[in-house]
Each structure stands twice: as structure tokens, then as C-alpha cells.
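Q:
Numbering (the working numbering), first residue to last: 34 to 188.
(1) Where DSSP assigns a beta bridge to residue 166, which residues make up the other side?
(2) Within 10 angstroms of the Cβ of residue 126, are there 16 or more other Cβ atoms? Answer buried if so, exposed if not.
(3) I'd like the list of long-range same chain contacts for residue 91, defined as Cβ closer than 7 Å, with 5 residues on each side in sequence excluded.
(4) Just checking, does the region 151 to 163 make contact with the region 61 to 75 on the three C-beta pairs under 8 Å criterion?
(5) List the endpoints of the continuous beta strand (DSSP E) containing residue 136.
(6) Going by DSSP, which residues form a beta bridge with residue 73?
(7) Give every residue of the same chain whose Cβ lies closer than 8 Å to the Cβ of residue 131, excluding the five residues on either side of it in the sequence, and list them in chain order.
(8) When the Cα of residue 46 is compared with those of 166, 135, 55, 143, which residue comes out closest?
(9) Keeping to the same chain, check which residues put their C-beta closer than 7 Å to that of residue 148; ignore five residues upstream and five downstream.
(10) Quick one: give me the first and last residue of the beta strand (DSSP E) that residue 127 is part of.
Below, the structure is given as C-alpha cells:
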């Protein structure tokens, strides 16, 4: 069922989304019906294994590339990422040949997390404070003329 896995991201790097196109041989009536077809991936590194659901991609008007299943994941470490796609339908299940994605190192603070020091503040995984800017950082407080509460800024 899985004809090929094609890496669409030209230069995968830590902290940047990575996308894989999944080419299938199966005829699909309704790609949005998980009872008809289920497409999931396993992304494995030396230290971690993650299950990632795949999605059906339809290009927007004027966008290049055809419709089909895609996998999008966020590499959190450099090195080899082994991708295997599992496809299930009424006729059974199958797995793809593994795709080895080499991820380049890059300076990255990590994902945004709730601060361990102050549960009302956010920090990066590296421990650096997250200095959020913009109207949506503190809701509609600016509309009410309220100041940003000091306990929401992790110092």
C-alpha cells in the first residue's frame, strides 16, 4: 500500500517543522474516514520514539503539489530520525520501508513550557524566560487599561 515516502523539507533542522509526503497505492473513496483508511507514523531517534498521526493534504488554489497524505513532525534533537508509516484499511495493514531523515543541529531554546518557579509564567525548555510580545500575550488586558501583572513575567 505504501509506494514511497518523500522528504519535502529541503534541510531538516532542530526546532523547524519537517514534512514527509506519503504516496499510497490504495484507491481511497473518503480519505477523511478513519474506518476506511488509517495512516500513522512512528518517528524514532536514539533517545525517543513518538507516534504521530498523519493527515490528508489538499493544496490551496494555485499551490503546487497534489493531494495526498502527509506527515509533519518537529525534530527536537539533531541526528538521525527514522520514520516508518503504518497504513490500515479493510484489507489489512502494512508498514513502509523506513525513511532516514538527517536533522542538522541549530541553536534552539526548546518548546514553550509552564515555568517551574512560577506556574503563572512561561519559559523555554532551556530555562530562559519567554518574553512574549503582542496583544495576545496577555489577553485583552490592554483594552481594560490594566498593567501586565509582574507575577506573569518570569525573571
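C-beta: ideal position from N, C-alpha, C; glycine also. Bear in mind that the values here come from a model prediction, so they are computed numbers and not experimental data.
A: On the basis of the supplied data:
(1) Answer is none; residue 166 lacks a bridge partner.
(2) exposed
(3) 100
(4) no
(5) 132 to 136
(6) 86, 119
(7) 115, 116, 117
(8) 135
(9) Within the same chain, 154, 155, 156, 187 come within 7 Å of residue 148 by CB-CB distance, once the 5 residues on both sides are set aside.
(10) 125 to 128
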